[in-house]
Amino acid sequence: MKTAATNLAPDAAAKRRAGWLRRPVQLQGGQKSAQSKAKCGHLFRAGKWALWIFLFLFLVRTFIGEASVVPTASMEGTILVGDHLFWNKALYGPEIPFTHWRLPRLKTVPRGEIVAFHYPLDPAQIFLKRAVAIGGDLVEIHNDVVYVNGTEVRESYALHHHTLRFRFAPSEMAARRVPAGALFMLGDNRDFSSDSRDWGVVPAENVIGSPLIVFWSYDAPSSEWLDEQPGHRLRFFGSVCAHLLTRTRWTRTGTLL
28 MKTAATNLAP DAAAKRRAGW LRRPVQLQGG QKSAQSKAKC GHLFRAGKWA
78 LWIFLFLFLV RTFIGEASVV PTASMEGTIL VGDHLFWNKA LYGPEIPFTH
128 WRLPRLKTVP RGEIVAFHYP LDPAQIFLKR AVAIGGDLVE IHNDVVYVNG
178 TEVRESYALH HHTLRFRFAP SEMAARRVPA GALFMLGDNR DFSSDSRDWG
228 VVPAENVIGS PLIVFWSYDA PSSEWLDEQP GHRLRFFGSV CAHLLTRTRW
278 TRTGTLL
């Protein structure tokens with residue numbers, strides 16, 4: 028009997044040890060599974076939020092407004108090189124992506140409005156000019172003074188450089204009738220602007236928005252904004268980071284247009 032008891036005791040102890048060891052292994056596996064599920068849940072929620080944010084930004088950019096930088100001086104006097112603008116697209120019938128359709132326009136372009144539009148000679152380019160005359164108007168320029176329908180246009184915003192020898196556009200322009208559904212565009216920096224004096228009128232349907240606010244303005248020449256070479260863009264980005272505080276035009280940031 029002692030021998031049997033002696034033989035049974037190690038078996039029972041072994042079973043107990045085996046059972047004791049198995050339980051922690053099962054618990055550890057359950058913890059890993061729970062952690063894996065929790066991590067997948069976090070990733071799913073993060074991906075869902077990222078998708079909603081992307082969709083929101085896409086809809087805002089498509090139908091409400093868009094941000095862009097002004098790289099040239101053609102509107103100087105009102106808008107400077109390096110001004111970062113947010114412009115409203117909702118009023119002028121935003122384009123529906125992947126189609127040639129547009130939403131209905133909520134307003135027509137009035138005389139004197141600054142608008143963004145597809146450049147007629149290269150629609151991929153977006154220009155920013157002031158509409159000084161609309162369809163049916165008779166527009167002419169004498170000694171740098173603009174006349175619409177025989178009446179002088181008071182332009183406190185227009186900038187002239189009378190001492191310059193070289194000008195982009197002449198100070199005289201014979202009378203032109205603006206066709207129906209078109210706009211006659213001029214840059215406020217009259218001596219440094221390529222506009223309707225050079226390449227003609229702009230179809231009103233080319234207008235895609237009007238600037239609302241300067242949300243940031245950084246003082247850098249046109250050459251810095253226009254050079255698209257990757258190496259230059261990287262160096263320019265580094266320069267902006269280094270001089271952000273000193274070259275930001277703080278008094279212009281937040282300016283309404």
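Throughout the sequence shown, residue numbering follows the numbering used here, covering 28 to 284 in sequence.
Beta carbons: idealized from backbone N, C-alpha and C, even for Gly.
| Query | Result |
| --- | --- |
| Contact check, proline 286 vs tryptophan 243, beta carbons under 8 Å | No information on residue 286 is available, as it lies outside the stretch 28 to 284 that the chain covers here. |
| Residue burial classification, serine 223 (beta-carbon count within 10 angstroms, cutoff 16) | buried |
| Own chain residues within Cβ distance below 6 Å of alanine 247, not counting five before or after | Gly109 |
| Three-state secondary structure assigned by DSSP to valine 267 | helix |
| Candidates His270, Thr273, Val228, of which the one nearest phenylalanine 144 by Cα | Val228 |
| Boundaries of the beta strand (DSSP E) in which serine 95 is found, first to last residue | 92-96 |
| Touch test, the stretch 196-204 against the stretch 153-171, Cβ-Cβ under 8 Å, three pairs minimum | yes |
| Serine 63 burial status per 10 Å Cβ neighbour count (16 or more: buried) | exposed |
| Cβ distance (whole Å) where tryptophan 114 is taken to contact serine 249 below 8 Å | In fact, because the Cβ distance is near 20 Å, the residues do not count as touching under 8 Å. |
| Segment limits, beta strand (DSSP E) that includes aspartate 110 | 110-115 |
| Leucine 165: first and last residue of the uninterrupted beta strand (DSSP E) it sits in | 165-169 |
| Completely contained alpha helix (DSSP H) runs for the stretch 115-182, where each covers 4 or more residues | none |
| Spatial distance of isoleucine 123 from phenylalanine 219 (CA atoms) | 34 Å |
| Inter-residue spacing [alpha-carbon to alpha-carbon] between histidine 188 and alanine 158 | 21 Å |
| Endpoints, the beta strand (DSSP E) within which tryptophan 243 is located | 234-244 |
| Opposing strand residues paired with arginine 204 [DSSP bridges] | Leu165 |
| Where leucine 107 sits in the DSSP three-state scheme | coil |
| With 16 other Cβ atoms within 10 Å as the buried cut-off, status of leucine 271 | exposed |
| Threonine 282 - DSSP class collapsed to helix/strand/coil | strand |
| Residues near tryptophan 226 in its chain [Cβ-Cβ closer than 7 Å; skip 5 each side] | Pro147, Leu148 |
| Candidates Pro137, Thr89, Arg138, of which the one nearest glycine 120 by Cα | Thr89 |
| Short Cβ contact (8 Å threshold) for lysine 156 with methionine 212 | yes |
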